[in-house]
Each structure stands twice: as structure tokens, then as C-alpha cells.
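Colleague: Can you keep this structure in mind? I'll have questions shortly.
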Amino acid sequence: MSRLTRILAPIGLALGGVGVAAAIVMAGRSADSTPPPPAPTAVEVVEIALTDRPTRVFATGTVAADRQVAVSPEVSGRIVEADPRLLPGGRFAEGEVLARVDARDYRLAVQQEEARVQQAELELQLESGRVEVARQEWAMLREEGAATPLALREPHLKAVEAGLESARSGLERAKLSLSRTALKAPFNAMVVTESVDVGQVVAPGQQLVTLVGTDRMRVTVAVPVEQLRVLDIPGVTGDVGSTATVSQRLGQGQAVERRGRVVSLGGQLDPQTRTAQVVVAIDDPLGGEGLPLLPGAFVDVVLEGRPIADAVAVPRVAVSGGDLTWIVDAENKLAPRPLTVAWREPEALLVVGGLKPGDRVVTTPLSLPIEGAPVTIAGVDEES
């Protein structure tokens, strides 16, 4: 072996070792740089089932009195009595007295008319006696021919009878005027405005009190024409109107809530919005616990319509643009489902195509969903 060979051989062996080591290191680095498979995304789901719940129409409106009347006296005089409840917000039952006009003159008028009636009745008795005497006298004279009405005092008798009827009518009129000295509530009512003071002189037709009925109030709401198809409207699409929930928000999660019912459909569409006007009656708006539902209150109204057959309810949060939703299939992978929507509500859609009972619809917002991406069911797969 030459001297040069002896020198180069160790160097070659060293370089070979370095190359092998470098290859091993590079191979290790290549293996480490391969990204691990992505972890399945945890999602929340809701299992779809057929529903027979009513459709719902959401609207707003203002409560108005179903009955309102301005109470005016029918006789003149001085106010001598006013009920302490005769203040804005005071409540009266039907027939209760609000205030009284001085009735002394009217009582005297009744007494005078009663005397007239008694006098007319006495005059009738006297005239009836005169008629009988005239008949007897005519029979005693045995005059030929029939007696004339005048001879028998028949016109006199009719005049006295007419006088009696007139006196009786006058008595009824006097009693009616006396009864009108009491101003009464024409129905169960609440006072809105009043201008009555003891000592005040009033005249017929003078407005003293404004009352609104307390048995029922109403609210008129605007409903899109296409949503009328699910509502029952008396005289239009049914005999009994759809039920409604009427609520006035009070803040901090509290509300005044009453039940109502659709009673009529307005005679024309709103000229600006082209929506129909649906009238909802609210029974016993002032009853129940808590605050009453007063006229002028701005309220939310939920009308309960007829259910849609073979529909499933899908949370609106689970539906993206274009009526598309994502489900978790049997292999726990994402799968898109286009939907056929039959009814839309603020929080849910009623779907008649694209889903079947038992499908697991994803309710977790997905920024970039990919078909076939693996997922886990939050709270279910974690426990298992």
C-alpha cells in the first residue's frame, strides 16, 4: 500500500461516517416535519323530530279600548255628590253611580205629576158616572132611534181618558228625569278623564267623564299577506279566531302578559306597507296578578296559526345562507343538507324537505365547514 493510500483511507472513512450520520439526521427531520392529522372539531347538535306545534306569527301593536264613551248629564242642575273613585284610573262596575245632580226639583216634578194622575183618574170616575146616567136617562125617555154619542157623553169620556194618559206620560217623564240625576257607568269601566266637582252646575250634553271598558281591549297588528294562510279569522277562514299572546315588556326580564284571540280582519291593506290589519281582542286586560294592561301600551303579539303537516323544526342558528344546514352523519362526519322551508320564524324554521327525523343538525357556528370533516359531539363523545 502506498503512502498516499495510507493517508486518504482514514479520511474517506471519516467522511463516509459523517455522510451516514447526516443522512440519519435528515431522515429524522423529514419524519418529524410531517403534520399530524387534525383533531376532530367538537360540535353541538340537535336531533330532528317531527313537530305538530302551531306556526307562529310575530307582530307588534298598541293596545286600544274596545269600548269608550263620554259621559254627559241628561238633565241640568248642580252636582251634589261625586264618587271618591272618580279620578283617572278609578274603576266602576256597570250601573254604579259616578256623580249625582241635585234631585229636589225633579222629585217635586214627580209629585206634581202624581197629583195630576190622581186628578185625572178622579175625573175619569166622575165622567164614567155621567155616561151611565146619560144612558139611563135615554132609556127612560124611550126616544125613538139610537142615542147619539154626544147624548151619551162619549166624546167627554174620551177626552177625560186622553187627559189621564197624558198625566201618566207626564209622570213617567218626570220619573225618568229624576232617575237621570244619577250619572251611572254604562258598563264595567275605568276613568280616563274627568271634570266633575261638587257644586258645579252642569247642562245636558256637557262632557264630564271619559270611560273605557275594562272587560275587553283590542290591539291591531300588521301581518304580511302571505302569513294570513295559517290564521283562523272569524268570517274569513274560520268560525273561531286564532289565539294570541299579548305581552308588554317591563324590562329586566319582566312583562305584563295576557291571552287574546283574533276577532276580525281589516277592510283594506296598509297603503304603505301592503300588510293586512288583524284585530286581536284581549279579555280581562286589567285582571290577573301584577300590573294591568292599559290602553296605549306598546305590546308584542304572537299569533298561533295552524300547524304544518310533516314538518321538522330547525333552529335558525343552524341554517346558513341559501337555506343550507350541516348534519353529523353516521360516521361522525359533516354533511351538507339543502332545506325546503315551509315557514320562517325568528328562532326556528319549519322544514318539509332535506331532513328526516333522527338527523343530527349542527347548531355550533362553523366558520369554514368542509364536507366529510370529522367531528365529535360535544358532551356525548367526550363522556364516552
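If you read the sequence shown in the numbering used here, its first letter stands for residue 57, the second for the next number, and so on. All C-beta atoms in this analysis are idealised placements derived from N, C-alpha and C, irrespective of residue type, glycine included.
(1) Compute the distance between the beta-carbons of P421 and G410, then report whether it is under 8 Å.
(2) Let me make sure I understand the geometry here. Which of V119, A429, D385 has the alpha-carbon closest to that of V417?
(3) Starting from V216, trace the alpha helix (DSSP H) in both directions and tell me its first and last residue.
(4) Output needed for Q263: all residues of its chain with C-beta closer than 8 Å, excluding positions within five of it in sequence on either side, in chain order.
(5) Should R315 go down as buried or exposed, given a rule of 16 or more other Cβ atoms within 10 Å for buried?
(6) Unbroken beta strand (DSSP E) runs of length 3 or more, entirely within the region 81 to 162: which are they?
(7) Can you tell me whether A155 is buried or exposed, with buried defined as 16 or more other CB within 10 angstroms of its CB?
(8) Express the C-alpha separation of V397 and R372 in angstroms, rounding to a whole number.
(9) What do you reckon, are the CB atoms on V216 and L180 nearer than 8 Å?
(10) Taking A238 as the reference, give the member of P260, Q308, R123 with the closest Cα.
(11) Considering only DSSP beta bridges, list what T276 is partnered with.
(12) Report the three-state DSSP secondary structure of L321 (helix, strand or coil).
(13) So D253 is in the beta strand (DSSP E); what residue range does that whole segment cover?
(14) Could you pull out every residue in the same chain whose Cβ sits closer than 6 Å to the Cβ of M246, ignoring the five residues on either side in sequence?
(15) Could you tell me which residues DSSP puts in a beta bridge with A311?
(16) Can you tell which of A171, A374, D253, Y162 has its C-alpha closest to the C-alpha of R141?
(17) What residues are listed by DSSP as bridge partners for E360?
(18) Is the number of C-beta pairs between the region 354 to 363 and the region 275 to 284 that are closer than 8 Å three or more?
(19) On the three-state DSSP scale, how would you describe S298?
(20) Taking its Cβ as the centre, do 16 or more other Cβ atoms sit within 10 Å of V292, making it buried, or is it exposed?
(21) Between which two residues does the beta strand (DSSP E) holding R400 run?
(22) Rounded to the nearest angstrom, how far is the Cβ of A149 from that of M273, given a contact under 8 Å?
(23) Using DSSP's beta-bridge definition, name the partner residues of T266.
Modeller: On the basis of the supplied data:
(1) The residue given as residue 421 occupies position 365 in the sequence shown. The residue given as residue 410 occupies position 354 in the sequence shown. Not closer than 8 Å, so no.
(2) Within the sequence shown, numbered from 1, the residue matching residue 417 stands at position 361. Of the candidates V119, A429, D385, the one whose C-alpha sits nearest the C-alpha of V417 is D385.
(3) For the purposes of this step, residue 216 is taken as the residue at position 160 of the sequence shown. That run of the alpha helix (DSSP H) goes 210 to 235.
(4) Taking the first residue of the sequence shown as position 1, residue 263 is located at position 207. So the list reads A126, V127, S128, S251, once near-sequence residues are dropped.
(5) Residue numbering aside, residue 315 sits at position 259 when the sequence shown is read from its first letter. The residue is exposed, with fewer than 16 neighbouring Cβ atoms inside 10 Å.
(6) Segments of the beta strand (DSSP E) lying fully in the region 81 to 162: 97 to 99, 101 to 103, 112 to 121, 124 to 127, 133 to 138, 153 to 157.
(7) Walking along the sequence shown from the start, residue 155 turns up at place 99. Here A155 is buried: its Cβ has 16 or more other Cβ atoms, across all protein chains shown, within 10 Å.
(8) In the sequence shown, the residue the question calls residue 372 occupies position 316. In the sequence shown, the residue the question calls residue 397 occupies position 341. C-alpha separation (whole angstroms): 11 Å.
(9) Taking the sequence shown and counting its residues from 1, one reaches residue 216 at position 160. Taking the sequence shown and counting its residues from 1, one reaches residue 180 at position 124. When the beta-carbon positions are compared, V216 and L180 come within less than 8 Å of each other.
(10) Counted from its first residue, the sequence shown places residue 238 at position 182. The shortest Cα separation from A238 among P260, Q308, R123 belongs to P260.
(11) As a first step, residue 276 must be located in the sequence shown, where it is residue number 220. Partner(s): V335.
(12) Taking the sequence shown and counting its residues from 1, the one referred to as residue 321 is at position 265. DSSP places L321 in strand when its eight states are reduced to three.
(13) To locate residue 253, count along the sequence shown from 1; it is residue 197. Counting along the chain, D253 falls outside any beta strand (DSSP E), and DSSP gives it neither H nor E.
(14) Numbered from 1 along the sequence shown, position 190 holds the residue referred to as residue 246. Within the same chain, R147, V268, T270 come within 6 Å of M246 by CB-CB distance, once the 5 residues on both sides are set aside.
(15) Counting from 1 along the sequence shown, the entry for residue 311 is found at position 255. BP columns for A311 point to R305.
(16) Within the sequence shown, numbered from 1, the residue matching residue 141 stands at position 85. It is D253 whose Cα lies nearest to the Cα of R141.
(17) In the sequence shown, residue 360 corresponds to position 304, counting from 1. Its beta-bridge partners are R112.
(18) yes
(19) Taking the sequence shown and counting its residues from 1, one reaches residue 298 at position 242. The answer is coil: DSSP assigns S298 none of H, G, I, E or B.
(20) Taking the sequence shown and counting its residues from 1, the one referred to as residue 292 is at position 236. Exposed, since its Cβ has fewer than 16 Cβ neighbours within 10 Å.
(21) Residue numbering aside, residue 400 sits at position 344 when the sequence shown is read from its first letter. It spans 396 to 400 - the beta strand (DSSP E) in which R400 sits, taken as one unbroken run.
(22) The residue you call residue 149 lines up with position 93 of the sequence shown. The residue you call residue 273 lines up with position 217 of the sequence shown. Contact flag wrong, Cβ pair sits at about 17 Å.
(23) Here the question's residue 266 lines up with position 210 in the sequence shown. In the DSSP output, where bridge partners are listed per residue, T266 has A126, T249.
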